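The structure under discussion appears below in the form of C-alpha cells.
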Amino acid sequence: MLTKRLWYALTVLLLIGLVASACSQPTEAPTEAPEVEEPAPVEEEEPMAEEPAEEEPMGSELEIYSWWAGDEGPALEALIELYNGMYPDVEVINATVAGGSGTEAKAVLKTRMLGGDPPDTFQVHAGQELIGTWVVADRMEDLTSLYEEEGWMDKFPEGLMDLLSTSDGIWSVPVNIHRSNVLWYIPDNLEEWGVEAPETWDDFLAICPTLQDQGVVPLSLGVNWTHNHLWEAVALSELGPEGWNALWTGEKQFTDPDVVATWDLFGKILDCTNEDATSLSWQQATDMVLSGDAAFNEMGDWAMTYFTVINGLEPGVDYAWSPAPGTDGVFMALSDSFGLPVGAPNPENVINWLSLMGSVEGQDAFNPLKGSIAARLDSDLTKYNAYGQSAAEDWASDEVVGSLAHGAVANETFMNGFASGMEVFLNTGDPVATSNALQELALESEVTSVEAEAEPMAMELGSEDNPIKVLFVPSVDTNFMIESGDLIEQGLNEATGLNFEVSVPASYAATIEEMCASPDDTIGFIPAFGYVLANDLCGVEPGLASERYGWNVYWTQFIVPRDSDIQSFEDLEGMSWGYPEVTSTSGYLYPTALFNDMGITPGEQVETGGHTEAVRAVYNGEVDFATTYFSAPLLPEGEGTWSTDMAPDIPDDLIAECAPDEEGKLFCGGYRVLDARASLTEEAPDVVQKVRILGLTPEIPNDTMSFGPEFPEDLRQTINDAVIAFIGTEACEQSLCNENFYDWTGAGPIFDENFDGVRILVEEQGITLENIGE
Ligand code: GAL
Numbered sequence: 005m006l007t008k009r010l011w012y013a014l015t016v017l018l019l020i021g022l023v024a025s026a027c028s029q030p031t032e033a034p035t036e037a038p039e040v041e042e043p044a045p046v047e048e049e050e051p052m053a054e055e056p057a058e059e060e061p062m063g064s065e066l067e068i069y070s071w072w073a074g075d076e077g078p079a080l081e082a083l084i085e086l087y088n089g090m091y092p093d094v095e096v097i098n099a100t101v102a103g104g105s106g107t108e109a110k111a112v113l114k115t116r117m118l119g120g121d122p123p124d125t126f127q128v129h130a131g132q133e134l135i136g137t138w139v140v141a142d143r144m145e146d147l148t149s150l151y152e153e154e155g156w157m158d159k160f161p162e163g164l165m166d167l168l169s170t171s172d173g174i175w176s177v178p179v180n181i182h183r184s185n186v187l188w189y190i191p192d193n194l195e196e197w198g199v200e201a202p203e204t205w206d207d208f209l210a211i212c213p214t215l216q217d218q219g220v221v222p223l224s225l226g227v228n229w230t231h232n233h234l235w236e237a238v239a240l241s242e243l244g245p246e247g248w249n250a251l252w253t254g255e256k257q258f259t260d261p262d263v264v265a266t267w268d269l270f271g272k273i274l275d276c277t278n279e280d281a282t283s284l285s286w287q288q289a290t291d292m293v294l295s296g297d298a299a300f301n302e303m304g305d306w307a308m309t310y311f312t313v314i315n316g317l318e319p320g321v322d323y324a325w326s327p328a329p330g331t332d333g334v335f336m337a338l339s340d341s342f343g344l345p346v347g348a349p350n351p352e353n354v355i356n357w358l359s360l361m362g363s364v365e366g367q368d369a370f371n372p373l374k375g376s377i378a379a380r381l382d383s384d385l386t387k388y389n390a391y392g393q394s395a396a397e398d399w400a401s402d403e404v405v406g407s408l409a410h411g412a413v414a415n416e417t418f419m420n421g422f423a424s425g426m427e428v429f430l431n432t433g434d435p436v437a438t439s440n441a442l443q444e445l446a447l448e449s450e451v452t453s454v455e456a457e458a459e460p461m462a463m464e465l466g467s468e469d470n471p472i473k474v475l476f477v478p479s480v481d482t483n484f485m486i487e488s489g490d491l492i493e494q495g496l497n498e499a500t501g502l503n504f505e506v507s508v509p510a511s512y513a514a515t516i517e518e519m520c521a522s523p524d525d526t527i528g529f530i531p532a533f534g535y536v537l538a539n540d541l542c543g544v545e546p547g548l549a550s551e552r553y554g555w556n557v558y559w560t561q562f563i564v565p566r567d568s569d570i571q572s573f574e575d576l577e578g579m580s581w582g583y584p585e586v587t588s589t590s591g592y593l594y595p596t597a598l599f600n601d602m603g604i605t606p607g608e609q610v611e612t613g614g615h616t617e618a619v620r621a622v623y624n625g626e627v628d629f630a631t632t633y634f635s636a637p638l639l640p641e642g643e644g645t646w647s648t649d650m651a652p653d654i655p656d657d658l659i660a661e662c663a664p665d666e667e668g669k670l671f672c673g674g675y676r677v678l679d680a681r682a683s684l685t686e687e688a689p690d691v692v693q694k695v696r697i698l699g700l701t702p703e704i705p706n707d708t709m710s711f712g713p714e715f716p717e718d719l720r721q722t723i724n725d726a727v728i729a730f731i732g733t734e735a736c737e738q739s740l741c742n743e744n745f746y747d748w749t750g751a752g753p754i755f756d757e758n759f760d761g762v763r764i765l766v767e768e769q770g771i772t773l774e775n776i777g778e
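Structural data, given as C-alpha cells:
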C-alpha cells in the first residue's frame, strides 16, 4: 500500500491560503465560490456534543446539504430512508443545490457559512476542500470522539484518514471513494463505427477524424468544470502519477515543458469535442454517448448512476468503461464526506447521521447506487454491480492519486484560480500563456503543510488578500488585454494604494454574471448594452463612461432636406429612409428600435454604405430622411459648450453663413459643425444649407466602468478618480487606452437614467445574456 500512502502524504502537503490569480473564476454558473474569506463572526458557538447522543433526539430536524439533486439523488435518498427508519421523529431536510461537482452548491454554502447560517451537515470533498477551506477557517467541529466511539480508527484506509485529519482532530466522515479518470462508451456503437476504446490520447486523436467523418462527436464534453475534469485526466496521462503529485508539492512548475505539453494536447482533444459543450450539464454530455451522438465521454464514476440507476442499462453489457487514455494502472480518487459545522442547529441529529453514514450498512446502501465504492475497508462487495466490483479491484491494485477537480489536492481558492487559467486557455488556445497564468497563481501561493498555522485572511477590500476585481469583456484582442492587465493593476494601485486584480472572463455574459456573483468587490468595464442587462439582472450601477471628443454619450441624428415638410418624427411614417449599414448602432439599430417603440413605419429603406453616403442621399434628394451619428457642434468662443437642452442644429440665422474655412473645417459664424454632415463638406460646401437636423434620439452612453451592486459607496469616487487619472498615463496608453484594448481617451461620470434609450434598444433588439456580444 505504499503507493496509496504516497498519494495521501502528497495531498496533505498542500497549498494553503492561496491568493486568487490575476484572473478570477469563470463559471458555468453565476455563483462559483470565490476564495474563502476570514470567518464572519459566528454568534454563539454551540457546544459540541462530547459523546454521540445516547438517546434519540425528539422531534427536531436534520438539514443535509449537498448537490445530489435530481438524477444524482438516489444514493443519498436510500441513506436518508435508512435514517428515517431509525429516527422517525427527526424531520430530514434534504437540501440540495443542483449543479455537477457542486459549483453552485459551494457558492451558496459559503454564503450561509459566512452568514452564520450553516446547514446541520454538508457534502465536502475529503482533502483540501475540507481542510484547506473549512478547517483552517475554524468552521468544523472535531469528530475524533465519534470515531473512537464507533471504533472507526482502523476502518478506513490510513491515507484517507490523513485527508480528513489534522493534528487537532478528524473533521468529517467519508461516505465513498469515487474514481475521476474513467472513459465511458457503448461497445456496440464503437463496433458499428469501426473503432476501439483508445488506450492513449494519441490513439484517440487517430480515430477522431474517423468518427467525425461519420458525423459522430468523438468525445462529448459539458460545462466548465468538466473541462477541468478532462484536463486532469490528460495531465495525468502526460505527467504520470509522480509528475502529477509533484505539481501539488511545488516540485514541478506549471511552466515545465511537460506541463505546457498537457495544454497542447488538451487543445487537440478539445478539437474533437462538441461545440456546445459549455451549455451542457455532465449528464447531457453523458447522454450524447447514450444516444449515439458521441463515441466517448470522460467522466467520474458517478456516470454509472446515470447509465444504470437512471437509464436502466446493464454495466459491462449495454455500456462499458476503461481508464481514461494513458492512465491505466492509476486511480485518480476523490471522496465525498460530511461533517459537523460549528454552529449547526441540530448537532445530535448530525452525529447520528454520521454514525449511520460511516457504518457498513450505510455505506453499502449508498455506494451501489452512487457508482462509488465504500470508503470502509470491510464493505460487502456482493452488493455492487459489475462496475463497482471492477472499481474495487482497481482501487486495490492501482496507484492512487488525488483529483484536482474534486477537491482532493487543492482548496477552493486554488480551484478558482485554476478555473481562470482554464479560461485563459479557452480564450487564447495558447499553452504558454495558460501555463504562465497558472504559474503566477502557484507563485503567489505558498506551498505548505496543512499543519502549518493558517494566517487568517485580511478581508479589507483592496488589501493584498482581497483585491478589487477588475473585469473586462473579451471584445477585442484578449491576449493583449490579459498581458497588459498588470499595467492596469499597477496604475490603479499607484493612484489609490489599493490592490486590484484584472481578469477577462470568457464572454460578455460571464463578465456580467461574475459581477452579480461577486457584488461587493467587482468593477466591470462593460458596454452600455451589457450595463443595462447587468443592472436588470442584479442592480449593477454605473460609475464612468468613456469619453470621445469630449462626450461620454452619443446620439443618432435624423436629417432631412432643409426645405422638407417633415417637422416631427411622426412625419417619417412611410418616408424613404437612408441609413449607413444594418450593423450600425447609431445609424440603424437604434433608430429601428425607436421606430418600433413609437409605432412608426418608414417607407422604402436604402442601405447607403456609410454615414457620409447617408448624408449625401439626403443632400441629393434620393431619400426623404437619413439617420447618422451626431456629434455636438463647438460653440463660438466664450459661449461654453453645447448641452442637451440646446437645439442640435446650427441657429437659423447663421445657416446662410455656413462654409468651410481654409483648412476645410465647416463653420457657421462661430459654430463648428462636427456631426456627419461635416464629412460631406468638401464635395458639398452648402451641406448645412441643404440638410437640417430634425431631431436626436436619447443618448447612448459609451463603454462604461460599472460597480457591482454592493460595491462600497465610500470607495466609488476614489475608483472613478483613479481611473480618470490613469487614462492620462503611459501605462494606460499601453493597456486600456491602447487601440488594441478599449481605446479610452477620457472618461466622465454617467448615471442610470442616461441608459433609458439603451433599454429600449436592448428590448427591441432582443439582446439577452445569451446573445450579447455576438
Ligand atoms: C463530484 C462528487 C460526486 C458527484 C459529481 C458530479 O464532485 O464528488 O459525488 O456528485 O461531483 O456532480
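Residue 5 is where the sequence shown starts when you use our numbering, and the numbers rise one by one after that. All residues carry an ideal CB built from backbone N, CA and C; glycine is no exception. If you're wondering where the values come from, they're calculated on a predicted model, not measured in any experiment.
### Message
Give me the DSSP bridge partner(s) of Pro319.
### Response
Within the sequence shown, residue 319 is the residue found at index 315, counting from 1. In the DSSP secondary-structure assignment, Pro319 is bridged to Tyr323.
#### Entry: Cα-Cα separation, Glu65 to Ala82
If you number the sequence shown from 1, residue 65 lands on position 61. If you number the sequence shown from 1, residue 82 lands on position 78. Pairing Glu65 with Ala82, the inter-Cα distance amounts to about 18 Å.
### Query
Sorry if obvious, but does the Cβ on Trp748 come closer than 6 Å to a heavy atom of the ligand FAD?
Among the ligands in the structure shown, the ligand FAD does not appear; only the ligand GAL can be found there.
### Query
Where the beta carbon is closer than 5 Å to any heavy atom of the ligand GAL, which residues qualify, in chain order?
Going along the chain, the residues that qualify are Gly104, Ser105, Trp306, Asp340, His410.
### Query
Do you know how far the Cα of Asp192 is from the Cα of Met292?
Within the sequence shown, the letter at position 288 stands for residue 292. Within the sequence shown, the letter at position 188 stands for residue 192. Rounded to the nearest angstrom, the gap between the Cα atoms of Met292 and Asp192 is 15 Å.
### Message
To the nearest angstrom, how far is the alpha carbon of Ser802 from that of Glu162?
### Response
For residue 802 there is no data in the structure shown, the boundaries of the chain being 5 and 778.
#### Entry: Three-state class that DSSP yields for Ser241 in the structure shown
Within the sequence shown, numbered from 1, the residue matching residue 241 stands at position 237. Three-state DSSP puts Ser241 in a helix.
#### Entry: C-alpha gap between Gly761 and Val313, whole angstroms
Position 757 of the sequence shown, counted from the first residue, corresponds to residue 761. Position 309 of the sequence shown, counted from the first residue, corresponds to residue 313. So the alpha carbons of these two residues sit roughly 53 Å apart.
### Query
For Pro565, which residues of its own chain have a beta-carbon under 7 Å away from its beta-carbon, when the five flanking residues on both sides are left out?
Locating residue 565 in the sequence shown gives position 561, where the first residue counts as 1. If we look at Pro565 and ignore the five residues flanking it on each side, its Cβ neighbours are Val622, Gly625, Lys694, Val695.
### Message
Let me check understanding here. Comparing Cα to Cα, which of Thr733, Asp725, Trp748, Pro713 lies closest to Asp756?
### Response
Indexing the sequence shown from 1 puts residue 756 at position 752. Ranking Thr733, Asp725, Trp748, Pro713 by CA distance to the CA of Asp756 puts Pro713 first.
### Query
How close, in whole Å, do the beta carbons of His182 and Trp306 come, if the pair is a contact with beta carbons under 8 Å?
As a working mapping, residue 182 is identified with position 178 in the sequence shown. As a working mapping, residue 306 is identified with position 302 in the sequence shown. About 6 Å; that satisfies the 8 Å criterion.
#### Entry: Cα-Cα separation, Ser488 to Leu215
Taking the sequence shown and counting its residues from 1, one reaches residue 488 at position 484. Taking the sequence shown and counting its residues from 1, one reaches residue 215 at position 211. Cα to Cα, the separation comes out at about 41 Å.
### Query
Hey, Phe529 and Ile771 are a contact pair by Cβ (cut 8 Å); roughly how many whole angstroms apart?
Along the sequence shown, read from residue 1 onward, the residue named residue 529 stands at position 525. Along the sequence shown, read from residue 1 onward, the residue named residue 771 stands at position 767. That belief does not hold up - the Cβ atoms of Phe529 and Ile771 are roughly 18 Å apart, past 8 Å.
### Query
Between the segment 112-126 and the segment 321-340, do three or more beta carbon pairs fall short of 8 Å?
Below 8 Å, too few C-beta pairs join the segment 112-126 and the segment 321-340 to call them touching: fewer than three.
### Query
If you count every other CB in all the chains shown that lies within 10 Å of the CB of Glu767, and 16 or more means buried, which is it?
If you number the sequence shown from 1, residue 767 lands on position 763. Glu767 is classed as exposed because its beta carbon has fewer than 16 other beta carbons within 10 Å across all chains shown.
### Task
For Phe730, collect the residues of the same chain with a Cβ closer than 8 Å to its Cβ; drop the 5 residues on either side in sequence, then sort them by chain order.
Here residue 730 corresponds to residue number 726 of the sequence shown, with the count starting at 1. Cβ within range, chain order: Ile492, Gly495, Leu496, Ala499, Cys736, Leu740.
### Task
Under 7 Å Cβ to Cβ from Leu113, same chain only, skipping five residues before and after it: list those, please.
As a working mapping, residue 113 is identified with position 109 in the sequence shown. Shown here for Leu113: same chain residues with a beta carbon closer than 7 Å to its own, the five before and five after excluded, namely Tyr69, Phe126 in chain order.
#### Entry: Member of Asp275, His615, Ala663, Asn232 whose CA lies at the smallest distance from the CA of Ala782
Given that the chain is displayed from residue 5 to residue 778, the structure contains no residue 782 and the question cannot be resolved.
### Task
Starting from Phe504, follow the beta strand (DSSP E) in both directions and report where the run begins and ends.
Mapped onto the sequence shown, residue 504 falls at position 500. Here the beta strand (DSSP E) through Phe504 covers 504-507.
### Task
Quickly, what does DSSP pair Cys672 with across the bridge? List them, please.
Here residue 672 is taken as the residue at index 668 of the sequence shown, counted from 1. DSSP lists Tyr675 as the bridge partner or partners of Cys672.
#### Entry: Completely contained alpha helix (DSSP H) runs for the segment 686-754, where each covers 4 or more residues
For the segment 686-754, whole alpha helix (DSSP H) runs of length 4 or above, ordered along the chain, are 691-694, 717-731, 734-737.
### Message
The beta strand (DSSP E) that contains Asp340, what's its start and end?
### Response
Translated into the one-based positions of the sequence shown, residue 340 becomes position 336. First-last of the beta strand (DSSP E) with Asp340: 340-342.
### Task
Spatial neighbours of Glu661 within its chain, please: CB distance less than 7 Å, with the 5 preceding and 5 following residues excluded, ordered by chain position.
Walking along the sequence shown from the start, residue 661 turns up at place 657. Cys672, Gly673.
### Task
Classify Ala663 as helix, strand or coil using the three-state DSSP reduction.
Residue 663 sits at position 659 when you count from the first residue of the sequence shown. DSSP places Ala663 in strand when its eight states are reduced to three.
### Query
Where do the N-terminal and C-terminal ends of the alpha helix (DSSP H) with Gly425 fall, by residue?
Here the question's residue 425 lines up with position 421 in the sequence shown. Bounds of the alpha helix (DSSP H) holding Gly425 are 416-432.
### Query
Do Tyr594 and Tyr583 have their C-beta atoms closer together than 7 Å?
Counted from its first residue, the sequence shown places residue 594 at position 590. Counted from its first residue, the sequence shown places residue 583 at position 579. No, the Cβ-Cβ distance between Tyr594 and Tyr583 is not below 7 Å.
### Query
Does the Cβ of Ser855 have 16 or more other Cβ atoms within 10 Å, making it buried, or fewer, making it exposed?
Lying outside 5 to 778, the shown extent of the chain, residue 855 is not represented and no answer is given.
### Message
Taking the alpha helix (DSSP H) that Pro546 belongs to, which residues open and close that run?
### Response
Numbered from 1 along the sequence shown, position 542 holds the residue referred to as residue 546. Looking at the DSSP string, Pro546 is not in any alpha helix (DSSP H); the run it does join, the beta strand (DSSP E), is 545-550.
### Message
One question on the structure: do Thr299 and Pro222 come within less than 7 Å of each other, judged by their Cβ atoms?
### Response
Locating residue 299 in the sequence shown gives position 295, where the first residue counts as 1. Locating residue 222 in the sequence shown gives position 218, where the first residue counts as 1. Looking at the sequence itself, residue 299 is Ala, so the reference to Thr does not match. A distance below 7 Å separates the beta carbons of Ala299 and Pro222.
### Message
With a threshold of 8 Å on Cβ separation, who are the neighbours of Glu54 within its own chain once the five nearest residues in sequence on each side are excluded?
### Response
As a first step, residue 54 is located in the sequence shown; it is residue number 50 there, counting from the start. Residue placement at Glu54 is flagged as unreliable, the pLDDT there being 41, under the threshold of 50; a coordinate-derived value is accordingly withheld.
### Query
Rounded C-beta distance between Ser407 and Trp229? I'm assuming under 8 Å.
Taking the first residue of the sequence shown as position 1, residue 407 is located at position 403. Taking the first residue of the sequence shown as position 1, residue 229 is located at position 225. That pair is no contact at about 12 Å.
### Query
Taking the alpha-carbon positions, what's the Phe335 to Gly304 distance?
For the purposes of this step, residue 335 is taken as residue 331 along the sequence shown, with counting starting at 1. For the purposes of this step, residue 304 is taken as residue 300 along the sequence shown, with counting starting at 1. Near 11 Å, if we compare the C-alpha coordinates of Gly304 and Phe335.
### Message
For Met308, would you say it is in contact with chain C, using Cβ-to-Cβ distances shorter than 7 Å as the test?
### Response
Within the model displayed, chain C is absent; a lone protein chain is all it includes.
#### Entry: Between the CA atoms of Glu365 and Trp357 - distance to the nearest angstrom
Taking the sequence shown and counting its residues from 1, the one referred to as residue 357 is at position 353. Taking the sequence shown and counting its residues from 1, the one referred to as residue 365 is at position 361. Looking at the two C-alpha atoms, the distance is approximately 12 Å.
### Query
To which residues of the same chain is Glu49 closer than 7 Å at the C-beta, ignoring the five residues directly before and after it?
Translated into the one-based positions of the sequence shown, residue 49 becomes position 45. For Glu49, the predicted structure reports a pLDDT of 37, less than 50, and the residue's modelled location is therefore unreliable. A value from the coordinates is still provided. Same-chain partners within the cutoff: Val346, Gly347.
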